[in-house]
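In the working numbering, the protein residues as written are 15 to 525. Where is the CB? At the ideal position from N, CA and C, for every residue including glycine.
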């Protein structure tokens, strides 16, 4: 059986399923008898010609070659398909164009099958798409060094690029030349010791000297995302400007921090793991501190499991009361339709002014994301829009749930943002999330494949991450995989560019 994506056929406009392919003809079958065919149209996949060379023009154009067949011979035989007659047709063709296209496709598909059987995935991708499989052996020493390379500049970056970082994967958890898997995991608590030295921090005065940039940032709000216990604790223990000093420096992004203004808003909570949401006491302490510092707050909720419904409803009641006592409101970044329904229901039976304002979270704002997409697809123009670009869908979200703001991720290719309020999370984007955390499985059971649902997690992600080949610019953080969009690192302060794209809020999360 030939994969449908490789060859498609039509008999006088009726689609047929080609079951066998050869240079001298092809076979297809139908349930209804076809008495006469005047012409066939066969579409051969030809996109593989531009794969390995990275020929973007070939990838962007129509990857199929069409051949019309008017001269042919056709035979039919009837087979018994479990009591239903099935008509098997054999078509013999002498047309040169057909033979050329069929021959190329057969050779390519035969090569693909052999590579699939004999090679590793990386070798297969290298042979077919030009994927740099040899670079899969190059890893950063740890997550700290990886961040420095991603965000660092000047001599430090050159030195890191020249360093041979070894040929092991921190997330593989198999035997290697290194010691046990603990040695192959990144210990994140070393960040403060290695990067948090006070004399290397940005002085608070550096922020004051940014007054001339205030006009440029006038119509764009900047936010920072607090998404794990370490950041909750650190924020509560420091003045906000000191916290931002530490935040940029500890992530190896000192120069980037110098170019950015002090955020106006904080996001509190984790969109991907409910276990990383702050404790109730801690959450309201953050609210109190943010209020005293003049910071707006968005509360981020993750997915909702069944057992979470009652506690979340109770928390929403307390958030409402907190807002009404202060005559203010809170944004709620919802990443589960169930949470949106809870917010909608309470809005319907309460007549007071809405104080919990829902936003469409990034888990609900779905789109195709993969750092290897350039190798696999070539052309990403078809992904520029998603469901939110449809006006009727935005109208439905507004009228049903009161959603007027949408949370986006900068995901490595150009996006077309719709009208409305758009927040973009930079510079990382999420590619995979699992409630059955692979990091938890690796640390507890020794294998990432032995996954189970964490109920009382000890917080392995406070110290551990999965590292990936450097060229992929990916990291396994918490229960998710993230990839870096390099364009947003260099262009984060491009306010005019963001305005042109209809972005009015930038949310920074350096993981």
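| request: Report the rounded CA-to-CA distance for residue 242 versus residue 292, giving the unit in angstroms. | output: Each residue's alpha carbon lies about 8 angstroms from the other.
| said: Taking 8 angstroms as the cut-off, does the stretch 234-251 touch the stretch 132-141 (at least 3 CB pairs, one atom from each stretch)? | reply: Under the three-pair Cβ rule at 8 angstroms, the stretch 132-141 does not count as touching the stretch 234-251.
| message | Cutting at 6 angstroms between CB atoms, please list the residues of its own chain near residue 37, excluding the five before and the five after it. | response | Closer than 6 angstroms at the Cβ level, and outside the excluded window around residue 37, lie 113, 116, 117.
| task | Starting from residue 403, trace the alpha helix (DSSP H) both ways and give me its first and last residue. | result | Neither: residue 403 is in no alpha helix (DSSP H) and is coded neither H nor E.
| field | residue 258, enclosing alpha helix (DSSP H) - first and last residue | value | Per DSSP, the continuous alpha helix (DSSP H) segment holding residue 258 begins and ends at 254-264.
| said: Within the continuous beta strand (DSSP E) that includes residue 79, where are the two ends? | reply: For residue 79, the enclosing beta strand (DSSP E) starts and ends at 78-83.
| task | For the alpha helix (DSSP H) containing residue 126, list its first residue and its last residue. | result | Here the alpha helix (DSSP H) through residue 126 covers 110-132.
| query | With burial defined as no fewer than 16 other Cβ atoms inside 10 Å of the residue's Cβ, what is the status of residue 512: buried or exposed? | reply | Taking a 10 Å sphere around the C-beta of residue 512, we find 16 or more other C-beta atoms and assign the residue as buried.
| query | Apart from the five residues just before and just after residue 523, which ones in its own chain have a Cβ nearer than 7 angstroms to its Cβ? | reply | Closer than 7 angstroms at the Cβ level, and outside the excluded window around residue 523, lie 239, 241, 439, 442.
| query | What are the start and end residues of the beta strand (DSSP E) that includes residue 490? | reply | Here the beta strand (DSSP E) through residue 490 covers 488-491.
| said: For residue 298, report the span of its alpha helix (DSSP H) as first-last. | reply: Where residue 298 is concerned, the enclosing alpha helix (DSSP H) stretches over 294-306.
| request: Determine, using beta carbons only, whether residue 398 and residue 428 come nearer to each other than 8 angstroms. | output: The answer is yes: Cβ separation under 8 angstroms.
| request: Give the DSSP-derived three-state secondary structure of residue 243 in the structure shown. | output: Residue 243: helix per DSSP, three-state reduction.
| Would you report the Cα separation of residue 78 and residue 463, rounded to the nearest angstrom? | Rounded to the nearest angstrom, the two C-alpha atoms are 39 angstroms apart.
| said: Could you check whether residue 354 and residue 372 sit closer than 8 angstroms to each other, using their CB atoms as the reference points? | reply: Closer than 8 angstroms, so yes.
| said: Classify residue 237: buried if its beta carbon has 16 or more other beta carbons within 10 angstroms, exposed otherwise. | reply: Residue burial is scored here from C-beta neighbours: residue 237 has at least 16 other C-beta atoms within 10 angstroms and is therefore classed as buried.
| query | Alpha carbon to alpha carbon, what distance is there between residue 257 and residue 144? | reply | In this structure, the alpha-carbon of residue 144 lies about 44 angstroms from that of residue 257.
| query | Would you call the stretch 442-455 and the stretch 400-420 in contact, with 3 or more CB pairs under 8 angstroms? | reply | Counting Cβ pairs under 8 angstroms, fewer than three are found: no touch.
| Span of the alpha helix (DSSP H) holding residue 136? | First-last of the alpha helix (DSSP H) with residue 136: 135-143.
| In terms of residue numbering, what span does the alpha helix (DSSP H) encompassing residue 453 cover? | 452-459 is the span of the alpha helix (DSSP H), which, as asked, contains residue 453.
| task | Have a look at residue 46 and residue 103 and give me their C-alpha separation to the nearest angstrom. | result | Approximately 11 angstroms between the Cα atoms of the pair.
| request: For my contact list, residue 48 and residue 25 are in at a C-beta cut-off of 8 angstroms; report their separation, rounded to the angstrom. | output: In this structure, residue 48 and residue 25 form a Cβ contact; the two beta carbons are roughly 6 angstroms apart against a cut-off of 8 angstroms.
| Residue closest to residue 87, alpha-carbon to alpha-carbon, out of 76, 81, 109, 99 | Of the listed residues, the one whose Cα sits closest to residue 87 is 109.
| field | Whether residue 489 touches residue 160 by CB criterion (8 angstroms) | value | The Cβ atoms of residue 489 and residue 160 lie closer than 8 angstroms to each other.
| said: For the alpha helix (DSSP H) containing residue 328, name the first residue and the last one. | reply: Residue range 323-340 is occupied by the alpha helix (DSSP H) that includes residue 328.
| query | Any contact of the stretch 335-347 with the stretch 303-317, i.e. 3+ C-beta pairs under 8 angstroms? | reply | Yes: at least three Cβ pairs fall under 8 angstroms.
| query | I think residue 101 touches residue 33, with their Cβ atoms under 8 angstroms apart; what is that distance to the nearest whole Å? | reply | Contact annotation, residue 101 with residue 33: C-beta distance approximately 12 angstroms; criterion of less than 8 angstroms not satisfied.
| task | Would you mind sorting residue 127 into buried or exposed? The rule is 16 or more other CB atoms within 10 Å of its CB. | result | Per the 10 Å Cβ criterion, exposed.
| task | Please name the residue in 352, 321, 294, 132 whose C-alpha comes closest to that of residue 336. | result | Cα-wise, what sits closest to residue 336 is 294.
| task | Go ahead and label residue 521 buried or exposed: buried means 16 or more other beta carbons lie within 10 angstroms of its beta carbon, across all protein chains shown. | result | Under this definition residue 521 is a buried residue.
| request: Return the Cβ separation of residue 358 and residue 415 in integer angstroms, given the expectation that the two are a contact with Cβ distance under 8 angstroms. | output: Right, their Cβ atoms sit about 5 angstroms apart.
| task | Measure the C-alpha to C-alpha separation of residue 182 and residue 424 and round it to an integer number of angstroms. | result | Confidence at residue 182 is low in this model, with a pLDDT of 28, below 50, so the placement of that residue should be treated as unreliable; the coordinate-derived value is given next. Their Cα atoms are separated by approximately 29 angstroms.
| request: Go ahead and pull the three-state DSSP assignment for residue 45. | output: In the structure shown, residue 45 sits in coil (DSSP, three-state: anything other than H, G, I, E or B).
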